[in-house]
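Enquirer:
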Amino acid sequence: MENRNLRKERIGVVTSNKMQKSIVVSEVKRVKHPMYGKFVLKTKKYVAHDEKEDCNIGDTVKIMETKPMSKTKCWRLVEIIERAK
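If you use the numbering used here, the sequence shown corresponds to residues 4 to 88, in order.
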């Protein structure tokens with residue numbers, strides 16, 4: 004039986020779902036500035052594959068790394084953690 008490599012997982016908020024079967028997920032990190040010590044917000048965007056198209060803007064989702072599906076899309080939706088209110 005083959006061992007699969009460990010795949011990266013991220014948790015973020017859906018910021019766009021206007022594409023077909025694709026969503027944009029934003030992950031926000033709080034990073035401490037190396038010199039001044041102030042916490043700075045860093046945002047990273049991921050394009051993820053949403054096969055069923057059931058995500059809406061504002062949902063908190065978990066995505067997992069996968070093989071490249073297009074030029075920018077190499078993540079897929081694992082689960083919807085919390086729906087937008």
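Note that beta-carbon positions come from the ideal geometry of N, C-alpha and C, so glycine has one too.
Under the assumption that Gly61 contacts Val17 (Cβ atoms under 8 Å), give the Cβ distance between them as a whole number of angstroms.
Expert: Sure, about 7 Å apart at Cβ, within 8 Å.
Enquirer: When you compare only the Cα positions, how much space is there between Thr75 and Val81?
Expert: Rounded to whole angstroms, Thr75 to Val81 spans 18 Å at the Cα level.
Enquirer: Which residue wins for smallest C-alpha separation from Lys45, given the options Ala51, Asp53, Lys35?
Expert: Selected option, being the one with the closest Cα: Lys35.
Enquirer: Put Leu80 into one of helix, strand or coil per three-state DSSP.
Expert: Three-state DSSP puts Leu80 in a strand.
Enquirer: Could you give the DSSP three-state label for Gly61: helix, strand or coil?
Expert: Residue state, collapsed to three classes: coil.
Enquirer: Got a sec, what are the start and stop residues for the beta strand (DSSP E) Arg33 sits in?
Expert: Counting along the chain, the beta strand (DSSP E) containing Arg33 begins and ends at 25 to 35.
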